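Contents: one structure, followed by commentary.
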Amino acid sequence: MTATFIHPLTGFIEKTFVITEFELRKLRHDFTELITRALQPALWLLIFGQVFARSGAMHTGNIPYLDFIAPGILAQSVLFVAIFYGINVIWERDLGIVQKFLASPTPRAALVLGKGLSAGIRSLSQMVIVYGLSLLLGVKLNWNPLALLNVLVIVILAATLFGTFSLIIACIVKTRERFMGVGQVLTMPLFFASNAIYPTTIMPGWLKTISHLNPLTYVVDALRTSMLAGSPSTFGPSLDYAVILLTTTILVFIGARLYPRLAS
Amino acid sequence: MSDIVLEIKNLTRRFGAFTAVDALTLSVNAGEVFGLLGSNGAGKTTTIKMLTTLLPPSAGEARVAGFSITTQAVGVRRAIGYVPQAVSVDGSLTGYENLLIFAKLYDLPHREQQARIAEALEFMNLTADAKRLVAEYSGGMVRRLEIAQSTLHRPKVLFLDEPTVGLDPIARDAVWKHLINMRANYGTTLFFTTHYLEEAESHCDRMAIMHLGKVAALGTSAKNSRLRLAAATH
Ligand SMILES: Nc1ncnc2c1ncn2[C@@H]1O[C@H](COP(=O)(O)OP(=O)(O)OP(=O)(O)O)[C@@H](O)[C@H]1O
Ligand SMILES: [Mg+2]
């Protein structure tokens with residue numbers, strides 16, 4: 001055989017990028033999806049955001065309400081897109097595609113992270129959409145290149161996190177119907193038990209506790225600090241990054257253990 | 001005596017109380033074309049899934065190209081190719097891309113990737129359609145692409161689960177012509193399943209008839225009367 005020796009870590013990273021590359025190549029013809037994905041953040045910002053901004057019901061300190069929720073809506077739309085990513089893997093399982101990859105020597109963790117990362121890169125479209133809408137609505141955005149880069153990285157990491165979570169759900173439920181059910185049941189609690197559209201300070205104690213266990217809260221916090229000019233971080237960027245990276249690592253590990261279940 | 005490339009001993013798989021594969025024992029020589037014949041639910045796919053490391057056995061053991069399916073799964077995976085019963089190429093990629101991703105996943109040396117892919121496309125008669133999306137391929141083209149994809153890394157053993165199901169006689173012959181060429185050129189061992197006695201008869205060196213998870217008959221030719229009888233009754 002022609003295989004040469006390859007260090008496990010190099011092999012893992014290389015294979016992860018191979019999976020990501022081909023997942024992204026599949027998107028070439030998918031322009032309708034891009035349009036439909038723009039709809040939800042538009043509704044939230046244009047309708048919900050405007051109405052609540054007018055009512056003055058939410059106390060968000062020195063930051064106008066629309067500015068406050070813009071990063072929250074970005075996080076939310078990343079969550080909503082990524083959490084349903086796993087349905088693709090159920091399609092591929094119903095054919096024989098997943099089985100063929102599992103019969104290859106590719107590390108399981110690379111199969112999982114490769115797909116998760118492609119969900120991450122796909123969700124950059126959400127960043128473009130939310131920035132466009134924010135500009136339109138006069139949200140005071142921070143255009144510092146480093147801050148923009150930070151938002152970009154957080155968006156990719158967040159979608160990788162929830163995309164991997166979605167793959168885990170797919171490995172457990174295995175059918176499209178159950179998957180859609182579980183996805184729908186999970187998204188709203190994750191969204192409402194976070195700081196996306198109101199600060200955690202106005203939450204009742206129990207909800208506040210839950211929100212601190214919710215990775216989305218840290219995603220929103222990190223996005224809010226970088227996206228807006230003059231919005232201090234609640235938890236600090238290092239804690240935000242640490243929570244996001246650690247959660248993703250744990251999820252990739254669990255996903256790699258569960259992925260072979262798709263073949264049986 | 002040729003080398004044994006596939007050695008199956010008491011291989012068993014249970015699903016709850018149901019035994020899908022029941023103490024299967026078989027060996028296959030290097031370069032052989034071996035057919036596993038059986039009706040729906042006989043346990044053919046379950047057997048192949050265990051041999052390709054997709055499903056852990058409940059009991060028993062098998063060695064593929066010298067590697068244990070239970071303790072040396074990665075070694076097995078490097079040595080085999082697998083064409084599942086269902087369609088296993090990606091319709092949203094081109095034929096070429098479906099091959100390229102596997103060339104990369106199997107660590108084919110960079111310099112050789114393009115030449116290997118071109119050769120595989122040529123060999124399977126797909127060169128003209130390489131840049132088309134696989135969603136536009138016919139059933140016969142899909143199967144040929146799947147075989148190209150699973151043999152790009154020159155596996156020692158190629159497992160094919162009902163490789164010709166749903167194909168017309170011409171496409172079926174084309175697939176077999178390519179498979180037989182494959183063995184002639186690379187010495188690939190072919191292990192395949194089928195429902196059709198004629199197909200097994202015309203292409204196999206040896207075959208086994210599987211029924212209710214067990215080998216009901218094993219032989220070199222279906223002209224063997226015991227095999228005929230077994231095939232007729234199961
Ligand atoms: N995951 C599973 N859980 C429970 N039972 C299963 C599972 N997989 C297979 N079986 C059962 O095991 C038996 C053998 O199935 P298998 O798919 O191996 O048959 P087969 O010979 O490939 O049939 P076919 O010709 O229809 O493809 C069947 O009765 C099937 O219902
Ligand atoms: Mg079968």
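Protein chains in written order, with this note's numbering: chain A, 1 to 264; chain B, 1 to 234.
Every residue, glycine too, gets a C-beta built ideally from N, C-alpha and C.
Just so you know, these numbers come straight off a predicted model, no measurement behind them.
Beta carbon proximity, residue i to chain B, threshold 8 Å
{"i": "S264(A)", "result": "yes"}
{"i": "A103(A)", "result": "yes"}
{"i": "Q267(A)", "result": "Because chain A is modelled from 1 through 264, residue 267(A) falls outside the range shown and cannot be assessed."}
{"i": "G96(A)", "result": "yes"}
{"i": "L9(A)", "result": "no"}
{"i": "F316(A)", "result": "An answer regarding residue 316(A) cannot be provided, because it is not within the stretch 1 to 264 covered by chain A."}
{"i": "K15(A)", "result": "yes"}
{"i": "M1(A)", "result": "Residue placement at M1(A) is flagged as unreliable, the pLDDT there being 45, under the threshold of 50; the coordinate-derived value follows with that caveat. Closer than 8 Å: yes."}
{"i": "Q99(A)", "result": "yes"}
{"i": "V18(A)", "result": "yes"}
{"i": "R261(A)", "result": "no"}
{"i": "T225(A)", "result": "no"}
{"i": "K26(A)", "result": "yes"}
{"i": "I87(A)", "result": "no"}
{"i": "I35(A)", "result": "no"}
{"i": "I172(A)", "result": "no"}
{"i": "I106(A)", "result": "It should be pointed out that residue 106(A) corresponds to Thr in this sequence rather than to Ile. Chain B, which has a Cβ nearer than 8 Å to the Cβ of T106(A), makes this yes."}
{"i": "I6(A)", "result": "yes"}
Residue-chain proximity (residue i, chain A), Cβ-Cβ < 8 Å
{"i": "Y96(B)", "result": "no"}
{"i": "S92(B)", "result": "yes"}
{"i": "V134(B)", "result": "no"}
{"i": "L24(B)", "result": "no"}
{"i": "K104(B)", "result": "yes"}
{"i": "S58(B)", "result": "no"}
{"i": "S225(B)", "result": "Its pLDDT being 45, under 50, S225(B) is placed unreliably in this model, and the coordinates cannot settle the point."}
{"i": "V87(B)", "result": "yes"}
{"i": "R77(B)", "result": "yes"}
{"i": "Y186(B)", "result": "no"}
{"i": "Y82(B)", "result": "yes"}
{"i": "D107(B)", "result": "yes"}
{"i": "Q101(B)", "result": "For the record, residue 101(B) in the displayed sequence is Ile; it is not Gln. Yes, I101(B) lies at the interface with chain A (some Cβ there is under 8 Å from its Cβ)."}
{"i": "L55(B)", "result": "yes"}
{"i": "K131(B)", "result": "no"}
{"i": "V28(B)", "result": "no"}
{"i": "T52(B)", "result": "yes"}
{"i": "V74(B)", "result": "yes"}
{"i": "K49(B)", "result": "yes"}
Burial state of residue i (16 or more Cβ within 10 Å)
{"i": "R261(A)", "result": "exposed"}
{"i": "K235(B)", "result": "Nothing about residue 235(B) can be reported from this structure: the residues present for chain B run from 1 to 234 only."}
{"i": "R116(B)", "result": "buried"}
{"i": "I236(B)", "result": "No information on residue 236(B) is available, as it lies outside the stretch 1 to 234 that chain B covers here."}
{"i": "P189(A)", "result": "exposed"}
{"i": "T94(B)", "result": "buried"}
{"i": "T32(A)", "result": "exposed"}
{"i": "I172(A)", "result": "exposed"}
{"i": "R176(A)", "result": "exposed"}
{"i": "T265(A)", "result": "Look at the range of chain A in this structure, 1 to 264, and you will see that residue 265(A) is not part of it."}
{"i": "V185(A)", "result": "exposed"}
{"i": "W44(A)", "result": "buried"}
{"i": "D168(B)", "result": "exposed"}
heavy atom of ligand 4 below 7 Å from residue i C-beta
{"i": "K44(B)", "result": "Only ligand 1 and ligand 2 can be found as ligands here, which leaves ligand 4 out of the picture."}
List in chain order: all unbroken alpha helix (DSSP H) runs of 4+ residues lying wholly within the region 129-191 of chain B.
-> Restricted to the region 129-191 of chain B, the alpha helix (DSSP H) segments that are unbroken, complete and at least 4 residues in length are 139-151, 169-186, listed in chain order.
State whether the region 66-82 of chain B contacts the region 125-141 of chain B, with contact taken as three or more CB pairs (one from each stretch) at a distance under 8 Å.
-> no
Should the region 139-147 of chain A be called in touch with the region 221-232 of chain A, which here means at least 3 C-beta pairs below 8 Å?
-> yes
Is it a yes or a no for the region 45-58 of chain A touching the region 84-99 of chain A, going by three-plus beta-carbon pairs under 8 Å?
-> Too few Cβ pairs lie closer than 8 Å, so no.
Between the region 40-60 of chain B and the region 136-156 of chain B, are three or more C-beta pairs nearer than 8 Å?
-> no
Start-end ranges of the alpha helix (DSSP H) lying completely within the region 37-119 of chain A, minimum 4 residues = 50-55, 65-83, 87-94, 97-102
Is the region 248-263 of chain A touching the region 99-119 of chain A, taking contact as three or more C-beta pairs under 8 Å?
-> yes
Considering only residues of the region 30-81 of chain B, which uninterrupted alpha helix (DSSP H) runs meet the minimum length of 4 residues and lie entirely inside it, listed in chain order?
-> 44-51, 73-79
At which residue ranges does the region 171-233 of chain A contain complete alpha helix (DSSP H) runs of 4 or more residues, listed in the order of the chain?
-> For secondary structure counted as the alpha helix (DSSP H) over 4 or more consecutive residues, the region 171-233 of chain A holds these complete runs in sequence order: 176-192, 205-213, 215-227.
Could you say if the region 38-58 of chain B and the region 18-29 of chain B meet the contact criterion of at least three C-beta pairs nearer than 8 Å?
-> yes
Given 8 Å as the limit, is there contact between the region 22-37 of chain B and the region 189-201 of chain B, that is, 3 or more CB pairs closer than that?
-> Yes, the region 22-37 of chain B is in contact with the region 189-201 of chain B.
At a cut of 8 Å, does the region 240-248 of chain A reach the region 164-177 of chain B through at least three beta carbon pairs?
-> no
Given 8 Å, three or more beta-carbon pairs between the region 156-173 of chain B and the region 100-119 of chain B = no
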